[in-house]
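One structure is given here, and the rest of the page talks about it.
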Amino acid sequence: MNFLFNLINGISLGSVYAIIALGYTMVYGIAKMLNFAHGDVIMVGAYVSFCATSYLGVSPFLSVGMAIVICAVLGVAIERLAYKPLRSASSLAVLITAIGVSYFLQNAALLIWGSNPKNFSSIVGNASIKLFGGQLSIPVITIVTVVTCIVVMAALTIFTSKSKLGTAMRAVSEDKGAAQLMGINVNTTISLTFAIGSGLAAVAGVLLCSAYPVMTPTLGAMPGIKAFTAAVFGGIGSIPGAMIGGILLGIIENFSKAYIDTQLSDAIVFLVLIVVLLIKPDGLMGKKQSEKV
């Protein structure tokens, strides 16, 4: 039963990484930039939900909606103010800006909410489902997290492949100049991508804090890094790759904690990533891209 319990917990944790990784992979796939402030948007979403339920008394599910809206607006603001002026700048300039935005969000959270940890109440309570005569107990939040990940991945796949806005996103991803000549508003498309990615970060933040209820202004830092690792692991730019990479990463991390060493689990996760990139540099589901020179 311990093996099954650790496997389920690993899939649940990996589902959170997958939802965060979807935001990374969408922004990189379309805007060709790495938004390292994405992890801090997770933190903002969790705090918004916490404040909505604790101070305003709204229902947990309404608080999730509020977090999604606020984080989507925040994502658009970050793109317009920090990244849009650097659209033609070097990758190093964008990277430094992203780190600056990350520190700004963390310190703003420290000023607003303080550094003391806060206890987050699960959006679905602490109920659990017991199987095999009570030998295996699965928290409801675990099931909700996995189902949410599957729904989000399926919805994004359908959206990008079937809708006009999704077609515009794919066109901008292929060639911004050609997409603009075809009448596509590149700036609006990129802003929409940031809005979707930041909204997903809010969902991930609420799910993460529902499972691990201690909140601090730095709560999104490590999950953000691991989700980026998951995106690279699965093949950054691939929506199915982000999901597969996230779930595999969660399983590897959980089994490492259970059967090897808790303190070495993070090192093992990144070691697996290095091995995968040495064998398949484009990630598990990444596609090789050739450039004309």
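Heads up: the sequence shown begins at 32 in our numbering, then just goes up one per residue. Backbone N, C-alpha and C fix where the C-beta goes; we use that ideal spot for every residue, glycine too.
One Cα belongs to Val79, the other to Gly272, and the distance between them is close to 29 Å. C-alpha of Phe36 to C-alpha of Gln166: approximately 10 Å in a straight line. Counting the other Cβ atoms within 10 Å of the Cβ of Phe67 gives 16 or more, which makes it buried. Taking each of Gly276, Ser287, Thr249 in turn and checking the Cα distance to Phe135, the smallest one comes out for Thr249. Our two residues, Leu304 and Leu315, have alpha carbons roughly 10 Å apart in a direct line.
By the Cβ-count criterion, Ile160 is exposed, with fewer than 16 other Cβ atoms from all chains shown falling within 10 Å of its own Cβ. Counting along the chain, Leu162 sits inside the beta strand (DSSP E) bounded by residues 159-162. Note that the C-beta distance between Ala52 and Ala233 is not below 7 Å.
Spatial neighbours of Ile215 in its own chain (CB-CB distance under 8 Å, excluding positions within 5 residues in sequence) are listed in chain order as Ala199, Ala202, Val203. By DSSP's assignment, Ser168 forms a beta bridge with Lys161. By the criterion of at least three beta-carbon pairs nearer than 8 Å, the stretch 229-243 is not in contact with the stretch 119-132. In this structure, the CA atom of Gly70 is about 38 Å from the CA atom of Phe163. Leaving aside the five residues that flank Val95 on each side, the residues in its chain whose CB is nearer than 8 Å to its CB run, in chain order, Ser80, Ile154, Ala233, Val234, Val237. Rounded to the nearest whole angstrom, the C-alpha separation of Ala129 and Met74 is 16 Å.
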